[in-house]
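Each residue of the sequence shown is one higher than the last, beginning at 1 in the UniProt record's numbering.
Here's the structure, in structure tokens; my notes come after.
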Amino acid sequence: MATLTGLTFGGKTWTPKFAQEIDKDKCIGCGRCIKVCGYSVLDLKALNEEGEFVEDEEDDEIERKVMVVAHPENCIGCEACSRICPKNCYTHAELNN
1 MATLTGLTFG
11 GKTWTPKFAQ
21 EIDKDKCIGC
31 GRCIKVCGYS
41 VLDLKALNEE
51 GEFVEDEEDD
61 EIERKVMVVA
71 HPENCIGCEA
81 CSRICPKNCY
91 THAELNN
């Protein structure tokens, strides 16, 4: 199997690692990652007390909000989200063809 690789501006080989998952138990919903992502990969979602996602954000059951990988197809594999994350919530993976 081939692995997707690229070159940096300096000519070094670079392997992108794409956002796969965010640990909702670690995430504090600070929003730092969504600010550094220029590709609309992430979204902030509400959780209830049981740790389940809440669809109606006007509901009183909201305990807290966490980030989710809402559009993985937009990810370019730069890993800026995980580098800015204070809680190390992200899981990334290389694209293997």
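Backbone N, C-alpha and C define an ideal beta-carbon position, used for all residues, glycine too.
Taking Cβ positions, are residue i and residue j nearer each other than 8 angstroms?
i     : j     : result
Ala93 : Lys26 : no
Ile76 : Val36 : no
Asn88 : Val41 : no
Ala19 : Pro86 : no
Determine the direct distance from the alpha carbon of residue j to that of residue i, and round the result to whole angstroms.
i     : j     : result
Lys12 : Gly38 : 24 angstroms
Ile62 : Val54 : 7 angstroms
Val66 : Ile28 : 6 angstroms
Ala80 : Cys33 : 7 angstroms
Thr5  : Asp43 : 27 angstroms
Leu47 : Arg64 : 5 angstroms
Leu7  : Val68 : 29 angstroms
Considering only DSSP beta bridges, list what residue i is partnered with.
i     : result
Leu4  : DSSP lists no partner for Leu4.
Asn96 : Thr3
Lys45 : Val66
Compute the minimum distance between the beta carbon of residue i and the heavy atoms of the ligand SAH, and state whether it is under 7 angstroms.
i     : result
Asp60 : The ligand content of the structure shown is nil, which means the ligand SAH is not present either.
Rounded to whole angstroms, how far is the Cβ of residue i from the Cβ of residue j, which I believe are closer than 8 angstroms?
i     : j    : result
Asn96 : Thr3 : 6 angstroms
Requested in this report: Within the region 16-42, note down every full beta strand (DSSP E) run reaching 3 residues or more, in order along the chain.
Outcome: Counting whole runs of 3 or more residues, the region 16-42 contains the beta strand (DSSP E) stretches 17-22.
Report task. Only counting runs of 3 or more residues, tell me where the beta strand (DSSP E) segments fall wholly within the UniProt domain "4Fe-4S ferredoxin-type" (65-95), in order along the chain. Result -> The UniProt domain "4Fe-4S ferredoxin-type" (65-95) contains, as complete beta strand (DSSP E) runs of 3+ residues, the segments 90-94 (chain order).
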